[in-house]
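Chains as they are written, first to last, in UniProt numbering: chain Z, 1 to 151; chain V, 1 to 945; chain U, 1 to 273.
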């Protein structure tokens, strides 16, 4: 393996180095019993900072991201009715998803003020692209709830 | 390390299934030669010598290895077993073919291979990169295999020559085509006959050469019709025109036999030489049924091929058969003729050479001891030596133009009439393995002196503090069970049944005051012998006393003795009585069979007295607890292993079986109720006759003969309600108590040990099919051992009567058409008194089939009538010495013989004993030690349930 | 059916010519299926398995609704055998849904749950579809191996390879004397060997990636055939872990190979060995 170019291929479960103050486990790695292991098959990237080095592994296919509360997502409105509109999430942050997630934008989440006077039909039409923030997951429903942020 | 060249092997099963299996070819298979430096192999795999240790042959000048073709192994295994043949390569192709063709030969070959002295090396050519070949299109499997063998030979020659070795690998084959092809490819090849004859001192080997190709020499009229070709047979069987079955020659009549077709109850009768068409007892044959108007029935006469002149007697016999035929029009049975042999079941046969006038002749007739087997024509140059000996011969072939099958000499057993020889004949004829245990087996025995180790102590329950004792027949060497009983505080009893666990005669026996490892069965019982709790465990015991039945009986009866051991015995005895009563109430049968026991002269081992056995209370005490142990264990293992438990069942006999018994009893004015075991037992108990104290016993003997054979089986093979043991009237039974002498018990021990978590299983233990096969084998061995035991009793009886003529009281057991079957109770001896034998005599007996009686003048013979007979030994036929029964009382003029003078008789007896004393004789006991399958016959019979 | 007698002594070789510790030839292809997020095809001898992985995605169907645990992702496994998969030539009636398949699915799920970092996929589902195309023994273990590869191909973070290997205890002493330090039994049994009496132990383990140590974490062990005495388990385990280690080495090599040829060819000037 070549060290000069810092291109190191690793496979899942491969022990990369000791985890200590200097080496920090970054994305694509995990820590177990004082060591850093890779959890992806991909290339190791070292991010050097002053006193630390973050070890990241980048897989060959960058995906497998799930919307988490707080994430800013780009979504397309699909169905609109009185109380909410359904939409499909296309991007999380700047990562384009390979497969959309479904989300619900509830009437009371559209904006922070004057919640009672929101008319969904007037605000959204199917096909609208919206930017939103994920608020929470609702139990027993299949959707992520998103809060709408006006651009 | 692995050449992974994958290819596909397609085998077509019965239908059109295609099987694809992987077959890895390797480059790390070594040639097994010491001379080879290329093959990296472990030392244990170097088998073939580098020096010229093979026997010198005039045809092969260089040092050589033999590479053997399949046909050589199949036909010439007797020669291969000779030590002179060594440095032999067996390629896997051959090994597999042999295995496929004959499991018997395969086993023998395996034995040779495992013997390191013989230097037989198995070369796995099918997985070797360079010797594997694929079948060419259009090539038959056989041709492909032949080619594979040639390729392997070629490879060996090339391989060994690379190292500048002079060693040549010679292909040994009797297949002329293969030899021809080999020579074309410049592979050295030789036929077996050429090879053997080229050896030094080949005479004794030449006798053993198989005579497969002999037919060409022997020309003459064809005695037999042609056999059908295999494909014709196959088609015939498929269309139902032919039937496939096992041929069984008649014991009495060498020109008759039966074919038992699988799944068909009624067997097909075969009569006459050309109908038998060269079928030998045990062969699997194809039969064609004759049209109904040609059906015949078994003649009631006994016909032996004893007239030595060949040609005429066939006709004579035919006539005899014809003469008997018309009288039997009534009961014609389906008759057929053998049209082909599907599989031969030839083995090796014991026998003697028929006396020949021309001693220098090499061709001789061999007469097998087994009457079912035809005479065999063999070739030997050692007639003068062999004519006085018992020899073993194997059949090679039976061409159409030979009256007798052709065979070859295998080995000599010893002098005719010599007891060792005769004993060996018995063992061989009953297929009882009696060779020494191999070193591998012996080496796994514990080292002597043996002691209980700490490991044993940790794993077993220590029961050494208990007053355990064993009760067995006098002189018993394999004490495999011991008993103990004690009162528990809350009025319960704790009982022990203990069985050893190690092998070998000494170690296994629960000798007095010696610590032994055992398997214990512990019951808690109440006063009425109801089991409250059962437990099994591995344990250590120390037997306090090894008693005989008599000793134990005396102790129990002697009220003055009060030590714990005696108390324990008394308790046991009481419980046993209760158990027995329960058992009998359930409908268990008490059956009888005449049993003989020899009083053996302790120095000469010649039998000096013959007596039937007696039973004591203690016998039944031991027996009861054994039964109980067996039943408890059976329940336990079935519970744990519903599919794999080894059990023993005794099927209920079909009602038709009881007919002779019912008839015989009816003649004497008793009715037998045979609807169930219980009713039968009750009826048997009621039958008593004032004037005939043995009447009941004889009825029981008859009843015993109506029974089916008890058999071992695997529980998964039958429905639970078929587990029933008829004789014991218990729903489930097994054999557990005699692991020393019965293999079934060992299997049960292993299962039980797994049940209680004491031992590990191993794959075969829980293989239903394998266990089933084992059970079949045990049943077969058990049966053969019984036959051997009978033969052994007969042999010893013959020895006993050798110089004697004695008058004895007896009873008629059966009335037959031309004979009376007579039981002499004193000796437990059964014999046949032939009637109407002398055709010139004016004394005639009339047979009444209705009530089974023979009448002559005023005298009527019925079943159970007492008679006095004179017993003497007819030694005219050296192979089959016979006891001759002659009638003394009731006196029929012209038929009966005068009573022998008892006085003079006794003198001859004593003299005779002294004379024969010098000739060594195996006692029955010794012999039974030899006969592993037979075990200790004396005891086996007694506890035969 | 195949007769049990097929196993016999041929100088320590198994019926197909392997020695006790030898595996069958393993061939691996990753990313065989463009539509799925990840896929892998594995051949272990004549056992051929195709695995596709979809996800993580939003849960659908009953699995999503019934599971109240939202902090972790859900693994959904479906094991199915193709109707033509049996090497004996018969047709299988139902490709999936029978007891055996359901059991396999469940066990596969257990194995996969053990390696996937499910906590980073709350409220989502990963589907693993296993299709046994041809079955010649050890198919469960082969499908575990294939599923691991498919997960890697899908870029789903996993802790370690989950490696399946079978060990079969057979009654043939001549095969055993080869190397007893590694326990007993033959590895990676094919169909013929699986049919013989004796226990076949399918073990899924997470072998350590430094090949020196022979131990590993056993995740799923499943026995088939007869009962096995505990005293024999240790020696079987020792041997099967050694087999897992070997398989891991092979898979590892395959994954690296795949990485080099697949991804970022511009970045990789260096040939990897």
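For each residue, glycine too, the CB sits at the ideal point set by N, CA and C.
None of the values given here were measured: they were computed from a predicted structure.
Label residue i either buried or exposed according to how many other C-beta atoms from any shown protein chain fall within 10 Å of its C-beta, with 16 as the threshold for buried.
| i | result |
| --- | --- |
| residue 134 of chain V | exposed |
| residue 669 of chain V | exposed |
| residue 106 of chain U | exposed |
| residue 136 of chain V | exposed |
| residue 648 of chain V | buried |
| residue 104 of chain V | exposed |
| residue 85 of chain Z | buried |
| residue 718 of chain V | exposed |
| residue 457 of chain V | exposed |
| residue 83 of chain Z | exposed |
With residue i as the anchor, note down where its beta strand (DSSP E) starts and where it stops.
| i | result |
| --- | --- |
| residue 518 of chain V | 515-525 |
| residue 273 of chain V | From DSSP, residue 273 of chain V is part of no beta strand (DSSP E) but of the alpha helix (DSSP H) over 273-276. |
| residue 848 of chain V | 846-848 |
Per the DSSP calculation, residue i is bridged to which residue(s)?
| i | result |
| --- | --- |
| residue 89 of chain V | V:67, V:121 |
| residue 462 of chain V | V:540 |
| residue 531 of chain V | V:525 |
| residue 36 of chain Z | Z:17, Z:31 |
| residue 190 of chain V | V:172 |
| residue 81 of chain U | U:132 |
| residue 53 of chain Z | Z:23, Z:48 |
| residue 282 of chain U | The structure shown does not extend to residue 282 of chain U, since chain U is modelled only from 1 to 273, so the question has no answer here. |
| residue 29 of chain U | U:41 |
Hey, how far is the Cα of residue i from the Cα of residue j?
| i | j | result |
| --- | --- | --- |
| residue 694 of chain V | residue 393 of chain V | 45 Å |
| residue 526 of chain V | residue 569 of chain V | 16 Å |
| residue 34 of chain Z | residue 151 of chain U | 25 Å |
| residue 168 of chain V | residue 784 of chain V | 47 Å |
| residue 236 of chain V | residue 98 of chain U | 43 Å |
| residue 672 of chain V | residue 661 of chain V | 8 Å |
| residue 48 of chain V | residue 199 of chain V | 20 Å |
| residue 91 of chain V | residue 40 of chain Z | 51 Å |
| residue 90 of chain U | residue 134 of chain U | 12 Å |
| residue 97 of chain V | residue 70 of chain V | 7 Å |
How far does the alpha helix (DSSP H) with residue i in it reach, from first residue to last?
| i | result |
| --- | --- |
| residue 769 of chain V | 768-800 |
| residue 88 of chain Z | From DSSP, residue 88 of chain Z is part of no alpha helix (DSSP H) but of the beta strand (DSSP E) over 84-92. |
| residue 140 of chain U | 139-154 |
| residue 151 of chain V | 141-161 |
| residue 660 of chain V | 659-667 |
| residue 622 of chain V | 617-640 |
| residue 115 of chain U | 99-115 |
>> Does the segment 261-268 of chain V come into contact with the segment 371-389 of chain V, if we say contact requires no fewer than three beta-carbon pairs (one atom in each stretch) closer than 8 Å?
In response: Here the segment 261-268 of chain V makes no contact with the segment 371-389 of chain V; the two share fewer than three CB pairs at distances below 8 Å.
> Can you find at least 3 beta carbon pairs, one from the segment 72-85 of chain Z and one from the segment 50-62 of chain Z, that sit closer than 8 Å?
Replying inline: The segment 72-85 of chain Z vs the segment 50-62 of chain Z: no contact.
> Would you call the segment 154-170 of chain U and the segment 199-207 of chain U touching, i.e. three or more CB-CB distances under 8 Å?
Replying inline: By the C-beta criterion, the segment 154-170 of chain U is judged to be in contact with the segment 199-207 of chain U, since at least 3 inter-stretch pairs fall below 8 Å.
> Is the number of C-beta pairs between the segment 32-52 of chain U and the segment 137-153 of chain U that are closer than 8 Å three or more?
Replying inline: At 8 Å Cβ cutoff, the stretches touch.
> Within the chosen definition, does the segment 146-158 of chain V reach the segment 171-189 of chain V through at least 3 CB pairs nearer than 8 Å?
Replying inline: Contact between the segment 146-158 of chain V and the segment 171-189 of chain V is present, because at least three Cβ pairs lie under 8 Å.
>> With three or more beta-carbon pairs closer than 8 Å as the criterion, would you say the segment 421-440 of chain V touches the segment 792-799 of chain V?
In response: Taking a contact to require three or more Cβ pairs closer than 8 Å, the segment 421-440 of chain V and the segment 792-799 of chain V qualify as touching.
>> Using 8 Å as the cut-off, can you tell me whether the segment 563-580 of chain V makes contact with the segment 703-718 of chain V, which would need three or more C-beta pairs spanning the two stretches below that distance?
In response: No contact exists between the segment 563-580 of chain V and the segment 703-718 of chain V.
>> Does the structure place the segment 746-760 of chain V close enough to the segment 809-817 of chain V that three or more beta carbon pairs sit under 8 Å?
In response: Three or more Cβ pairs closer than 8 Å define a contact, and the segment 809-817 of chain V falls short of that threshold against the segment 746-760 of chain V.
> Taking three-plus beta-carbon pairs below 8 Å as touching, is the segment 102-120 of chain V in contact with the segment 240-250 of chain V?
Replying inline: Touching, no.
> Touch check for the segment 170-179 of chain V and the segment 56-72 of chain V: three-plus C-beta pairs under 8 Å?
Replying inline: Three or more Cβ pairs drawn from the segment 170-179 of chain V and the segment 56-72 of chain V lie within less than 8 Å of each other, which places the two stretches in contact.
>> Between the segment 638-655 of chain V and the segment 725-732 of chain V, can you find at least three pairs of beta-carbon atoms closer than 8 Å?
In response: They touch, by the three-pair rule.
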